[in-house]
Every structure is written in structure tokens, then in C-alpha cells.
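Final position of the sequence shown in my numbering is 714; the numbers increase by one with none missing. Where a beta carbon is used, it is the ideal one built from N, C-alpha and C, also for glycine. What follows is a single structure, written as C-alpha cells, with notes after it.
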Amino acid sequence: MTEAKFPKIIDYEALKREFEEVDPPADSKKPLAYHSEPQDTQSYDSDDSTSELDDGIDPTEKKPVGLTGTRLRSYAFAVLTRKEYSKKDLIEKLCLYAQNRNEVLELVDELARENYQSDKRVAEMTVRSQIRKGKGPNRIKLALKAKSIDKDLAKDDMAEVDWYEEAYQIKVKKYGVDVATDPKLKAKQIRFLQYRGFDMDAIMKAIKRKNDDE
501 MTEAKFPKII DYEALKREFE EVDPPADSKK PLAYHSEPQD TQSYDSDDST SELDDGIDPT
561 EKKPVGLTGT RLRSYAFAVL TRKEYSKKDL IEKLCLYAQN RNEVLELVDE LARENYQSDK
621 RVAEMTVRSQ IRKGKGPNRI KLALKAKSID KDLAKDDMAE VDWYEEAYQI KVKKYGVDVA
681 TDPKLKAKQI RFLQYRGFDM DAIMKAIKRK NDDE
């Protein structure tokens with residue numbers, strides 16, 4: 501089996517269905533009423549932990565609208581004390597309740613300059629979170645893109661990761677330590693690790709690696 505048989509452009513939706521990582525029911529993605537906290541969704545990755553998306557605000561609590569001045573600033577600080585937001589996500593969140601979008605843009609720029617908001621911190625947290633979920637570099641890049649985070653902000657953190665070892669551990673967790681000899685099983689393992697976001701080089705080493713190999 502050669503790498504050429506596996507295209508570089510991966511159909512993640514098809515692989516998601518094959519490995520039973522399905523999206524939640526359609527009803528769960530419907531927006532809440534105007535007075536409730538809208539749900540943040542990540543289309544690139546349906547199995548993201550809700551704890552990462554939850555900013556700790558009671559969804560039944562009535563939210564302020566038409567915020568401006570000190571009230572908008574106070575709300576922005578309250579949001580950031582609960583969770584790290586990318587610059588894009590923070591702008592979108594504040595605009596839901598702000599009176600003036602330009603005021604939001606100026607405020608978020610100020611918060612970023614003063615390091616209250618940091619895309620760098622969000623990038624680092626995203627890398628750690630995705631690795632804990634067994635995701636490879638390609639899926640991490642998708643996660644960063646979904647948050648409008650420059651992937652270069654995570655470059656150093658990703659360079660420190662042994663992706664060969666990560667791919668092997670994910671393979672072992674799913675299929676065990678035995679090296680597959682059946683072509684269909686090999687192909688399935690390759691597709692599984694591709695879906696997880698690993699490069700072909702790491703995948704081939706992972707599925708060929710014997711338990712006593714270093």
C-alpha cells in the first residue's frame with residue numbers, strides 16, 4: 501500500500517461518519533432566544549468539549565443590550581475573566597450586545613494592546629486542548645483557522661510535539677499494539693489517523709511500529 505492511494509485533501513465529514521464522531525442533533529444548534537447567551541459553535545470539530553465553549557454565564561439570564569461606554573467595557577472584562585477569546589470571537593460576542601460596532605472594535609484593540617485579550621494565549625490553549633483530544637497538526641490548524649488565529653502563533657508549541665509518538669499512541673488506543681497485516685485494516689487505520697489530522701509520514705510509522713520498537 502502506497503501513500504499515493506490516499507489523497508492529501510481529506511473528506512473529514514465522511515471520515516467523521518465512519519468513525520462515529522457525529523454532530524449533535526440539529527435542534528441543539530438552533531439559536532436561543534434574544535435574551536439568552538448565544539451558543540458558540542465550532543463547525544470544524546463537533547466533539548469539542550462544551551467546557552471550552554461555555555463562558556460560565558447562565559443561559560437563562562437576561563442579557564444587557566445596547567451597551568456602550570463603561571457598561572460595554574465592564575461586560576468585556578466580565579467575559580474575559582471567564583474564558584480566553586480570540587480577537588475575532590470577542591468582537592462577535594460583544595457586538596451581540598453593543599450599541600456601536602466601531603466602539604467594540606476600538607475597545608477590543610485596546611484590550612489586545614494591554615494584553616487582556618491575547619490571540620497568542622488562545623493559540624497555545626487550542627494546541628494543548630486539541631492534543632489532549634488526540635488530534636494531529638492538520639486538525640489543530642483547522643481549529644486555529646476556525647478561531648481566526650494565525651497558525652504562526654502556535655508554531656513554536658507545535659514544533660515541540662513528537663507527532664510520530666502522538667500518532668502511535670492514538671493508533672494503539674484504538675487498534676492495539678499489533679501491527680496490522682490485513683490491507684483493509686491497514687487502510688482503515690490510515691483513514692482514522694488522517695481524520696485525526698496526522699500527516700502521512702507519521703501515520704505510516706505509527707501503523708508499522710512494533711511494540712518493542714523505540
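Query - Nearest-angstrom Cα separation, counted from residue 582 out to residue 667 - result: Distance from the CA atom of residue 667 to the CA atom of residue 582, rounded to whole angstroms, is 33 Å.
Query raised in the report: Would you say residue 703 and residue 694 are within 8 Å of each other, going by their C-beta atoms?
Result: If you check the CB distance, residue 703 and residue 694 come in under 8 Å.
Requested in this report: With DSSP as the reference, please indicate the residues paired to residue 567 in a beta bridge.
Outcome: Residue 567 pairs with 598.
Query raised in the report: In the structure shown, what three-state DSSP assignment does residue 617 receive?
Result: Residue 617 falls in the coil class under three-state DSSP.
Query raised in the report: Leaving out five residues before and five after residue 588 in sequence, what residues of the same chain have Cβ atoms less than 6 Å from its Cβ?
Result: Residues 648 of the same chain have their beta carbon placed closer than 6 Å to that of residue 588, with the five preceding and five following residues left out of the count.
Query raised in the report: Three or more C-beta pairs closer than 8 Å, one from the stretch 603 to 614 and one from the stretch 635 to 653: is that the case here?
Result: Between the stretch 603 to 614 and the stretch 635 to 653, the count of C-beta pairs closer than 8 Å stays below three; the two stretches do not touch.
Requested in this report: For residue 711, name the three-state secondary structure that DSSP assigns.
Outcome: Looking at residue 711 - three-state DSSP - the assignment turns out to be coil, as it is neither helix nor strand.
Query raised in the report: Whose CA, out of 691, 710 and 698, lies closest to the CA of residue 635?
Result: Closest option to residue 635, Cα to Cα, is 698.
Query raised in the report: By Cβ distance below 6 Å, which residues in the same chain neighbour residue 566 in space, the five residues on each side in sequence not counted?
Result: Hits under 6 Å: 599.
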